[in-house]
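In UniProt numbering, the protein residues as written are 1 to 513. Glycine residues also receive a C-beta, built at the ideal position from the N, C-alpha and C atoms. In this text, all values refer to a predicted model and were calculated from it rather than measured experimentally. The structure appears right after this line, and notes come after that.
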């Protein structure tokens with residue numbers, strides 16, 4: 001329910017991730033219905049490899065190769081270690097020469113402003129709107145000094161400036177992680193204190209504005225650090241209000257309540273007239289529905305607008321291991337069916353609220369699940385929600401679910417697509433990604449085989465078909481290894497065919513953590 005952040009300034013924009021929010025365009029009511037009508041040529045179908053025709057030959061080959069590599073569970077599970085070893089063996093320069101045009105380019109917008117601008121313009125040409133994100137966060141035991149947090153603040157402020165000033169989107173968005181500005185140890189302690197202590201949102205707002213507030217349960221040094229962290233967040237809020245929507249990420253359950261408390265305080269200050277600050281809700285949690293209802297009630301009581309980033313979740317493995325280690329109940333839904341029910345239920349709540357008060361509630365449907373996308377579009381049509389409004393958009397991670405992203409952009413459905421590469425090592429903690437990674441190669445290879453032009457005299461058709469078959473064969477082995485992880489975000493209709501989609505960022509991050 002609450003969010004987190006971490007890492008350094010733009011010099012490290014190896015971490016700049018890009019999120020894109022597909023352009024909202026005015027469409028006739030008939031076309032709205034056609035998108036939900038299977039007999040219509042405009043029906044949202046995600047199996048058509050023609051969605052990849054906007055990609056260059058090299059981009060298709062790169063995507064095919066990257067996804068093929070990622071279909072090997074052993075490689076995904078140990079990617080962090082393998083990257084470290086490879087970097088030591090090859091050296092930093094050679095390592096970058098290999099990674100930058102391949103894996104890095106697949107998932108990252110760029111590391112300089114020029115590279116990012118080029119990526120953004122390409123997104124716009126495809127009907128997508130970008131959303132920048134700096135994937136910097138910290139976990140317990142990784143805290144750094146105030147200087148590092150100030151560097152992170154500079155990177156965040158630069159993201160706000162770029163998102164607003166470059167004109168990449170009519171309604172610019174950016175992603176923020178609170179643990180990049182406030183230590184995770186403090187967030188964890190605040191979460192524990194919230195079980196017995198009451199923290200007034202008004203006091204947090206006053207602290208953001210520079211007032212010396214003493215929070216119960218904290219030592220003098222902890223209180224001082226919290227005040228500095230709140231003031232950093234206040235600077236981001238002041239820079240973004242009336243310009244850029246800030247989507248705050250959720251993290252682990254042992255710090256989420258503190259993150260949500262801080263996010264709610266930001267909402268109270270900056271979201272009085274419109275939802276400029278959004279919070280992330282993880283639907284793989286058993287308490288996700290109650291947390292969403294609590295947030296809605298708080299927004300009503302405190303008279304602020306509510307923005308929701310709806311994800312399934314991205315920290316399942318660690319959450320379950322930690323719960324087992326501590327001897328407490330697993331906070332994650334025990335089956336993927338229940339996770340889907342949770343997601344759909346929360347989606348229904350938000351869409352109904354938006355239909356009643358579109359100026360007070362907003363949502364980004366952050367998912368790679370095709371059925372969730374179709375369900376959302378169908379409900380929008382039934383509730384009379386027009387896609388030329390700004391209240392509903394869709395989100396995917398950059399380079400990880402292009403067939404959904406490009407289809408949504410092509411159909412002019414409000415949408416979002418995005419991020420990565422600091423998260424390559426993060427993949428080893430997200431078994432759900434293996435499903436998505438092993439499902440796209442076949443579509444990409446089909447597209448390559450269909451895109452025969454005069455300059456492609458090589459017979460890549462035969463080569464790609466071979467890779468496609470290999471990828472299809474690898475699906476079953478991946479599914480057998482991790483099919484017990486039933487809360488993964490996959491399309492129920494295609495379960496018999498193997499892995500399908502990852503839960504979101506990431507993340508979900510992009511959980512589309």
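Item                                                                                                                                                              : Value
Inspect the CB distances between the region 364-377 and the region 385-398 and report whether three or more fall short of 8 Å.                                    : yes
Name the residue from 218, 203 and 217 whose alpha carbon lies nearest to the alpha carbon of residue 211.                                                        : 203
Taking the DSSP output, what are the residues bridged to residue 296?                                                                                             : According to DSSP, which records beta bridges pairwise, residue 296 is partnered with nothing at all.
Do you know how far the Cα of residue 201 is from the Cα of residue 260?                                                                                          : 11 Å
Pop quiz: residue 174 and residue 159 are said to be a contact at Cβ under 8 Å. What is the actual Cβ separation, rounded to whole angstroms?                     : 5 Å
Rounding to the nearest angstrom, what Cα-Cα distance links residue 386 and residue 370 in this structure?                                                        : 20 Å
Looking at the secondary structure, which residues open and close the alpha helix (DSSP H) in which residue 91 lies?                                              : 79-99
Return the Cβ separation of residue 405 and residue 128 in integer angstroms, given the expectation that the two are a contact with Cβ distance under 8 Å.        : 7 Å
In this structure, does DSSP put residue 278 in helix, strand or coil?                                                                                            : strand
Looking only at DSSP bridge pairs, what is residue 302 linked to?                                                                                                 : Answer by DSSP bridge pairing: none, since residue 302 is not bridged.
In chain order, which continuous runs of the beta strand (DSSP E) of length 3 or greater are located wholly inside the region 155-195?                            : 173-176
Could you check the C-alpha separation between residue 109 and residue 74 for me, to the nearest Å?                                                               : 27 Å
Taking DSSP as the reference, what is the three-state secondary structure of residue 481?                                                                         : In this predicted model, residue 481 has a pLDDT of only 38, less than 50, meaning its place in the structure is not dependable; the value taken from the coordinates is given anyway. Three-state result, residue 481: helix.
Within 10 Å of its beta-carbon, does residue 307 have 16 or more other beta-carbons around it, so buried, or fewer, so exposed?                                   : buried
At what residues does the beta strand (DSSP E) containing residue 395 begin and finish?                                                                           : 392-397
Among residues of its own chain, excluding the 5 on either side of residue 102, which ones have a beta-carbon nearer than 8 Å to its beta-carbon?                 : 62, 65 and 66
State yes or no: is the C-beta of residue 265 within less than 9 Å of the C-beta of residue 205?                                                                  : yes
Ends of the alpha helix (DSSP H) at residue 239?                                                                                                                  : 220-240
Tell me the residue span of the alpha helix (DSSP H) that contains residue 343.                                                                                   : 336-356
What do you get for residue 106, buried or exposed, if any count of 16 or more other CB atoms within 10 angstroms of its CB means buried?                         : buried
On a CA-only basis, which of 336, 378 and 390 is nearest residue 358? Give me that one, please.                                                                   : 390
Determine the burial state of residue 146: buried for a count of at least 16 other Cβ atoms within 10 Å of its Cβ, exposed for fewer.                             : exposed
Of the residues 133, 169 and 165, which one's Cα is nearest the Cα of residue 152?                                                                                : 133
Kindly give me the distance between the Cβ atoms of residue 269 and residue 350, rounded to whole angstroms, as I take these residues to be in contact under 8 Å. : Not a contact, Cβ separation roughly 22 Å.
Tell me the residue span of the beta strand (DSSP E) that contains residue 131.                                                                                   : 130-133
What does DSSP give as the partner residue(s) for residue 307 in the beta ladder?                                                                                 : 278 and 362
Using only alpha-carbon positions, find the residue among 290, 295, 313 and 352 that is nearest to residue 383.                                                   : 352
Whole angstroms are fine: how far does the CA of residue 182 sit from the CA of residue 229?                                                                      : 5 Å
So is residue 216 buried or exposed if we call it buried at 16+ other beta carbons inside 10 Å?                                                                   : exposed
Quick one: using the 10 Å Cβ neighbour count with 16 as the cut-off for buried, is residue 233 buried or exposed?                                                 : buried
Is residue 187 a contact residue of the ligand ATP, with contact defined as CB to any heavy atom under 8 Å?                                                       : As far as ligands go, the structure on display features none, and thus does not contain the ligand ATP.
Since residue 253 and residue 331 should fall inside the 8 Å C-beta cutoff, what is the C-beta to C-beta distance between them, to a whole number of angstroms?   : 5 Å
Go ahead and pull the three-state DSSP assignment for residue 383.                                                                                                : helix
In three-state terms, what does DSSP make of residue 246?                                                                                                         : strand
Closest by CA to residue 250, which one among 296, 314 and 85?                                                                                                    : 314
If we ignore side chains and look at the alpha-carbon of each, how far apart do residue 379 and residue 348 end up?                                               : 8 Å
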